[in-house]
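Undergrad: A single structure is presented below for examination.
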Amino acid sequence: IGNARFIEQTQQARAEAEAREREATQLYEITTQLASSTDMEGVLDLITAKTVDLLGCEGSGIWKYDEARGGLVLARTHNFIPELGQQAFLRPGDGTAGRAFQERRPVGSRDVFSDPSWRYSDPASEGIFRAAAIAGVQSVPITVRDEVYGALTILFFQPHDFTDREVQLLQTLADSAAVAIGNARFIEATQKARAE
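For what it's worth, my numbering labels the leading residue of the sequence shown as 1, then goes sequentially.
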């Protein structure tokens, strides 16, 4: 029995080490691709697609703070809720993305709509979220040079208990995205200045 337990633990440890190695390799590839991309649209597409691949979630989205509207709008999505499109709007403090943006920390819920602490100030957006039957949601802030750009969000249509590893991985992706977004902004500003 002791030997069987030892063998099982060894196999489990080996599988976990292999998974971490695959994850590290994928993160390296993503970071390399982001570092070489100078197009903002391409950067956002790459981040959302790779987030779904790496975390095995059902969809991902990047929320960007829109100063004119005073809240977060969807800048890019991958396998997200099509109904949201341009309609989705979150005030700072609303939902996981609004709270991650406002509090500058990861915020999530196993099942957002059975959690009484979640509220939305925009009834139209709340209605769309409820109709989409989202359950597990996790958001992390994207901070570009000490300014919160927005939030990276993943979603599941079933309740999902987020592990510390998943949250850390999502934050690592958001941090890589922040560097790439900062670089893309700098290149755009440089090209504009050169043109002028």
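Just so you know, even glycine gets a beta-carbon here, dropped at the ideal spot from N, CA and C.
Here the structure is a predicted model, which means the values were calculated and not measured.
At the level of alpha carbons, what is the spacing between V140 and I1?
TA: As a position in the sequence shown, residue 140 is number 140, starting the count at 1. As a position in the sequence shown, residue 1 is number 1, starting the count at 1. Roughly 44 Å between the two C-alpha positions.
Undergrad: Given R145, which residues of its chain have a CB within under 7 Å of its CB, disregarding the five upstream and five downstream residues?
TA: Position 145 of the sequence shown, counted from the start, is the residue given in the question as residue 145. The residues are G182.
Undergrad: Rounded to a whole number of angstroms, what is the C-alpha to C-alpha distance between E67 and A19?
TA: Position 67 of the sequence shown, counted from the first residue, corresponds to residue 67. Position 19 of the sequence shown, counted from the first residue, corresponds to residue 19. Near 40 Å, if we compare the C-alpha coordinates of A19 and E67.
Undergrad: Is the separation between the beta-carbon of A100 and that of P106 shorter than 9 Å?
TA: Within the sequence shown, the letter at position 100 stands for residue 100. Within the sequence shown, the letter at position 106 stands for residue 106. At a Cβ-Cβ threshold of 9 Å, A100 and P106 count as neighbours.
Undergrad: When the distance is taken between beta carbons, is V148 closer than 9 Å to G108?
TA: By 1-based counting over the sequence shown, the position of residue 108 is 108. By 1-based counting over the sequence shown, the position of residue 148 is 148. Contact check for G108 against V148 fails: the beta carbons are separated by 9 Å or more.
Undergrad: Could you tell me which residues DSSP pairs with S125 in its beta bridges?
TA: Taking the sequence shown and counting its residues from 1, the one referred to as residue 125 is at position 125. For S125, DSSP assigns no beta-bridge partner whatsoever.
Undergrad: Quick test of the definition: if touching needs 3 or more C-beta pairs under 8 Å, does the stretch 57-73 touch the stretch 152-160?
TA: yes
Undergrad: Would I47 pass as a contact of A177 if the rule is Cβ separation under 9 Å?
TA: Within the sequence shown, numbered from 1, the residue matching residue 47 stands at position 47. Within the sequence shown, numbered from 1, the residue matching residue 177 stands at position 177. Going by C-beta atoms, I47 is nearer than 9 Å to A177.
Undergrad: Using only CA atoms, which one of I30, P123 and Q158 lies nearest to V112?
TA: Here residue 112 refers to the residue found at position 112 when the sequence shown is read from its first residue. Nearest option by C-alpha distance: Q158.
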